[in-house]
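Scroll down for the structure; my scribbles are underneath it.
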Amino acid sequence: MRSLLKKPAYRLSRRAFWWSFVLAWGVIVAIVAGALAGWHDAVAIGGITIPSMVLMIAALLGIHRAFGAMDLRAITAVAGPNTIIDPETEGPSE
Numbered sequence: 051m052r053s054l055l056k057k058p059a060y061r062l063s064r065r066a067f068w069w070s071f072v073l074a075w076g077v078i079v080a081i082v083a084g085a086l087a088g089w090h091d092a093v094a095i096g097g098i099t100i101p102s103m104v105l106m107i108a109a110l111l112g113i114h115r116a117f118g119a120m121d122l123r124a125i126t127a128v129a130g131p132n133t134i135i136d137p138e139t140e141g142p143s144e
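Just so you know, we're using the working numbering here: the sequence shown kicks off at 51 and counts up by one.
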C-alpha cells in the first residue's frame, strides 16, 4: 500500500527571503540614486555597501536553493519507495 506524503510549505522562510531580497536591492538603488544626485556620503559608502549587498543577495539565493533541495532529499530518503510526495499540496503530512 502506498502512502501519500505532502511537501513542506515554507511560507515564513519564503516570505523572509523575499523581504531580504527586496530590501537589499532597495539599499543598492538608494545608494546609486544618492550618488547620481551628487550626495558625497552615498558615493563614500557605495564602494563597500554595493558589493556587500550583491554578495548577500547571491548568498540568500544559494542558501535558499541548497537547503530546499536538502529538505526534499531527506524527505524522500526517509519516506521510502512506497511513498508518493504530492507537490501540489501545502504543509507537512499528518
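Each residue gets a CB set at the ideal place from its N, CA and C atoms; glycine is no exception. Values in this document were obtained by computation on a predicted structure and should not be read as measured data.
What do you reckon, are the CB atoms on residue i and residue j nearer than 8 Å?
i	j	result
I95	I81	yes
F71	I100	no
If we ignore side chains and look at the alpha-carbon of each, how far apart do residue i and residue j end up?
i	j	result
A87	M103	20 Å
W68	W75	11 Å
H114	A124	16 Å
A92	A109	24 Å
L105	A66	17 Å
L111	F117	10 Å
H90	A127	55 Å
V77	R61	24 Å
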